[in-house]
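Residue numbers (the numbering used here), protein chains in the order written: chain A, 3 to 23; chain B, 10 to 235.
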């Protein structure tokens with residue numbers, strides 16, 4: 003995965019993206 | 010033996026098969042524990058969705074590649090389902106560690122999350138066989154042409170922006186993805202960012218609107234979809 007650009011902020015995950023607490 | 014395009018393609022498929030050989034096409038014990046920890050148990054709706062989307066996938070697959078290939082469609086969907094459950098479990102473990110919670114009721118009862126995750130898993134399976142076709146240049150395998158992205162989101166009636174939201178987490182938690190597959194998913198992301206997410210029915214516009222409202226900068230003279 004070294005070439006992949008990760009866009010999620012530090013400490014952010016999929017729960018936030020689907021509006022979950 | 011020297012590496013050839015065909016050998017490389019077969020190796021990619023064999024690698025996927027090897028990873029998914031031990032995976033289950035049903036929720037694992039660990040996943041069932043997560044489901045039981047939810048305020049509302051999502052198990053029934055998850056199984057129902059997988060079954061219903063399976064019917065759609067197999068029907069559309071046969072339409073795209075020929076009615077004689079419906080068994081191949083079933084096999085591909087079976088592989089996609091295994092990958093879907095495998096990645097779901099890894100995502101939940103990762104989120105459990107990050108958030109220190111066990112109850113994922115909101116996430117696991119979100120149908121869009123599940124459809125997006127399943128679509129991503131199916132795209133990996135389709136692309137694995139698609140890469141094989143492109144590399145081997147075999148005429149009898151050109152049937153995969155019509156299945157290239159964004160075919161999967163169209164047949165599952167999924168918004169591209171929702172698929173975009175799972176891709177990064179999918180890559181993060183699935184260590185078996187080849188470099189080529191990560192590149193493919195990144196290409197899907199770019200296609201979404203550059204055009205698919207900007208279609209008039211995209212949920213992105215609601216998010217932009219919400220964001221502007223939260224910032225107190227709503228401009229009423231210009232609708233968000235302009």
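Each residue gets a CB set at the ideal place from its N, CA and C atoms; glycine is no exception. The structure presented is a predicted model; accordingly, all values stated were derived computationally and were not measured.
Contact under 8 angstroms by Cβ, residue i with residue j
i: residue 83 of chain B; j: residue 67 of chain B; result: yes
i: residue 33 of chain B; j: residue 91 of chain B; result: yes
i: residue 201 of chain B; j: residue 170 of chain B; result: yes
i: residue 128 of chain B; j: residue 56 of chain B; result: no
i: residue 126 of chain B; j: residue 96 of chain B; result: yes
i: residue 25 of chain B; j: residue 89 of chain B; result: no
i: residue 164 of chain B; j: residue 65 of chain B; result: yes
i: residue 187 of chain B; j: residue 21 of chain B; result: yes
i: residue 37 of chain B; j: residue 98 of chain B; result: yes
i: residue 40 of chain B; j: residue 94 of chain B; result: yes
i: residue 73 of chain B; j: residue 205 of chain B; result: no
i: residue 167 of chain B; j: residue 124 of chain B; result: yes
i: residue 203 of chain B; j: residue 176 of chain B; result: no
Helix, strand or coil at residue i according to DSSP, with G and I counted as helix
i: residue 23 of chain B; result: helix
i: residue 76 of chain B; result: helix
i: residue 208 of chain B; result: coil
i: residue 49 of chain B; result: coil
i: residue 23 of chain A; result: With a pLDDT of 49 at residue 23 of chain A, under the threshold of 50, the modelled position of this residue cannot be trusted; read the value that follows with caution. Here residue 23 of chain A sits in coil by DSSP.
i: residue 57 of chain B; result: helix
i: residue 65 of chain B; result: helix
i: residue 15 of chain B; result: helix
i: residue 29 of chain B; result: helix
i: residue 18 of chain A; result: helix
i: residue 13 of chain A; result: coil
i: residue 39 of chain B; result: helix
i: residue 2 of chain A; result: The structure shown does not extend to residue 2 of chain A, since chain A is modelled only from 3 to 23, so the question has no answer here.
Element boundaries [alpha helix (DSSP H), containing residue i]
i: residue 220 of chain B; result: 213-223
Unbroken alpha helix (DSSP H) runs of length 4 or more, entirely within the segment 142-206 of chain B: which are they? 160-164, 169-182 and 188-203
Do three or more CB pairs link the segment 41-48 of chain B to the segment 112-120 of chain B at distances below 8 angstroms? yes
If you scan the segment 70-136 of chain B from start to end, which runs of the beta strand (DSSP E) of 3 or more residues do you find wholly inside it? none
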